[in-house]
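Under UniProt numbering, the letters of the sequence shown match residues 1 to 309, in that order.
The C-beta atom is built at its ideal place from N, Cα and C for all residues, glycine as well.
Just so we're clear, the structure is a prediction, and the values are computed from it rather than from any experiment.
Before any comments, here is the structure.
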Amino acid sequence: MAWLDDVLSLCNNNTRMCNALVLSVVVVSFLQLLKHVLLTPSRLPLPPGPRNLPVVGSAHRLVNTLAHRVLRDLADVHGPLMHLRVGQVPVVVVTSKELARDILKTHDANFARGPSSSPAASLCIQEILSAKRILSFEHVREDEVRMLADEIRAVGPSVAVDLSARLHRITNTIVSRAAFGNKRSNAADFLVAIKQSVIMASGFYVPDLFPRFSVLLCWLTGMRRTLHGIRDTIDSILEEIISEKEEAKQQQDNNLVDVLLSLKDKGDFGFPITRDTIKAIVLDIFAGGSGTSANAMEWAMSELMITLG
Numbered sequence: 001m002a003w004l005d006d007v008l009s010l011c012n013n014n015t016r017m018c019n020a021l022v023l024s025v026v027v028v029s030f031l032q033l034l035k036h037v038l039l040t041p042s043r044l045p046l047p048p049g050p051r052n053l054p055v056v057g058s059a060h061r062l063v064n065t066l067a068h069r070v071l072r073d074l075a076d077v078h079g080p081l082m083h084l085r086v087g088q089v090p091v092v093v094v095t096s097k098e099l100a101r102d103i104l105k106t107h108d109a110n111f112a113r114g115p116s117s118s119p120a121a122s123l124c125i126q127e128i129l130s131a132k133r134i135l136s137f138e139h140v141r142e143d144e145v146r147m148l149a150d151e152i153r154a155v156g157p158s159v160a161v162d163l164s165a166r167l168h169r170i171t172n173t174i175v176s177r178a179a180f181g182n183k184r185s186n187a188a189d190f191l192v193a194i195k196q197s198v199i200m201a202s203g204f205y206v207p208d209l210f211p212r213f214s215v216l217l218c219w220l221t222g223m224r225r226t227l228h229g230i231r232d233t234i235d236s237i238l239e240e241i242i243s244e245k246e247e248a249k250q251q252q253d254n255n256l257v258d259v260l261l262s263l264k265d266k267g268d269f270g271f272p273i274t275r276d277t278i279k280a281i282v283l284d285i286f287a288g289g290s291g292t293s294a295n296a297m298e299w300a301m302s303e304l305m306i307t308l309g
C-alpha cells in the first residue's frame, strides 16, 4: 500500500523522527481509548481530500518531504480546495490563487480570528513603523548595503557567491542595529535563537498535531526542553540590553529599545508597557521583519537572473 511505503521510507530516512512519531501514535492511541474519544468522521460538509489513516490522519504524507510539492500533487487529484486531517488537527488547503484571494481578501473578516486590532499593534504602527521612524534608520541600511557590495566585489567575478546567505545576514544585521543600536558581541547568539524559534513555530512537530496531549508529547519528544532553552537565551540577552539602556544616563532614542523605553515612561496607551511587552515587540519585529525581507530580495534576484538570462 502507498501509505505503508511512505511510512517505511520515513523510518529509513529519518530514524529520530520515526521513533518520535511511532511513540506519539502509541501514546495518543492509548489515551484516546481510555478517554473514549476515538475520532469519528466529521458531519460537516468538508471539501474532498485524501483518505486519512487512524490517529495520524494524513501526517505521514508530510513528514520528511517537501510539503508544498506533496500538497500540489494532492491538489491535482482532489481539487484546489481540499481537506486534510493532520493528527487531530483538521486543515483546509487552498492551492488556487482565485480561492486564496476570496479567503484572504474578499472574505477576510469571515476567516480571520482574534480582535481586528490591538493597542499594541496601533502603537507599533504609530511609533515604530512610521515613515519618519523608518527613515531615521536609512544610514544603517546604506552602511550594510555598502559593506555587502564591497564584500561581493572583493570576491571577484570568477568565484561563486552564496547570495541567499548574505541577504539573510544583512537583513538580520539591519534589524539588529535598528533594534539595539550598535553591534553587540552576543548578536550572533540572539539571531541563532531567533532562527530556531521561527523554525520551531513553523516546522512539523508531533505535539502540534495532537493538542489534547501536547503537554505530554512535548515532554516525550524533548520539545519542551528545546523551547525552554531558546526562551532562556532570548530572554537573558534582551534583559541585558534593556538593563543597559535603563542604566544609561541619557536615552538617545535612536533605536527600537530606546523608543519603547521612552514610551514606557509616558504611558497612557491603553495597556501597560512592561519589560515583557518590550521583549515581545522586539521579537515580533525580528520574526516578521528579517526573514520576509531576505526572502523577498532573494526572489527578486531570482527573477532578475531569469529575465536577464
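Candidates 289, 303, 110 and 131: which alpha carbon is nearest residue 173's?
-> Taking residue 173 as reference, the option from 289, 303, 110 and 131 with the minimal CA-CA separation is 289.
Taking the continuous alpha helix (DSSP H) assigned at residue 153, which residues delimit it?
-> Start and end: 138-155.
Which class does residue 168 belong to by DSSP, given the choice of helix, strand or coil?
-> DSSP places residue 168 in helix when its eight states are reduced to three.
Which of helix, strand or coil does DSSP assign to residue 228?
-> Residue 228 falls in the helix class under three-state DSSP.
Compare the beta carbon distance of residue 180 and residue 259 with 8 Å and say whether it is the shorter of the two.
-> In terms of Cβ geometry, residue 180 and residue 259 do not form a close pair [threshold 8 Å].
Quick one: what's got a C-beta closer than 7 Å to residue 46's C-beta in the same chain, skipping five residues either side?
-> 83, listed in sequence order.
In chain order, what residues of the same chain lie with their CB nearer than 6 Å to the CB of residue 170, ignoring the 5 residues before and after it?
-> 144 and 148, listed in sequence order.
Could you give the distance in angstroms between the alpha-carbon of residue 36 and the alpha-carbon of residue 212?
-> Below a pLDDT of 50, predicted positions are generally treated as unreliable, and residue 36, at 49, falls in that range; the measurement from the model is reported next regardless. So the alpha carbons of these two residues sit roughly 13 Å apart.
Is the stretch 118-125 close to the stretch 85-102, with three or more CB pairs under 8 Å?
-> Because the criterion of three Cβ pairs below 8 Å is not met, the stretch 118-125 and the stretch 85-102 do not touch.
Is it true that the CB of residue 86 sits closer than 8 Å to the CB of residue 220?
-> Not in contact: residue 220 and residue 86 (Cβ atoms no closer than 8 Å).
Using the rule of at least 16 other Cβ atoms within 10 Å of the residue's Cβ for burial, across every protein chain shown, is residue 193 buried or exposed?
-> With at least 16 other beta carbons inside 10 angstroms of its own, residue 193 counts as buried.
Tell me which same chain residues have a C-beta within less than 6 Å of the C-beta of residue 137, skipping the five on either side of it?
-> Within the same chain, Cβ atoms closer than 6 Å to the Cβ of residue 137 are found at 178, the five residues on either side in sequence being excluded.
Please work out which residues of its chain come closer than 7 Å, Cβ to Cβ, to residue 184, disregarding the five sequence neighbours upstream and downstream, and give them in chain order.
-> Taken in chain order, the list of residues that qualify is empty.
Reference residue 269, options 118, 70 and 300, closest by Cα | Closest in C-alpha terms to residue 269, from the list 118, 70 and 300, comes 118.
What separation, rounded to the nearest whole angstrom, lies between the Cα atoms of residue 151 and residue 297?
-> Approximately 18 Å, taken between the alpha carbons.
Start and end residues, beta strand (DSSP E) containing residue 84 = Per DSSP, residue 84 belongs to the beta strand (DSSP E) from 81-86.
Can you tell me whether DSSP reads residue 48 as helix, strand or coil?
-> Coil.
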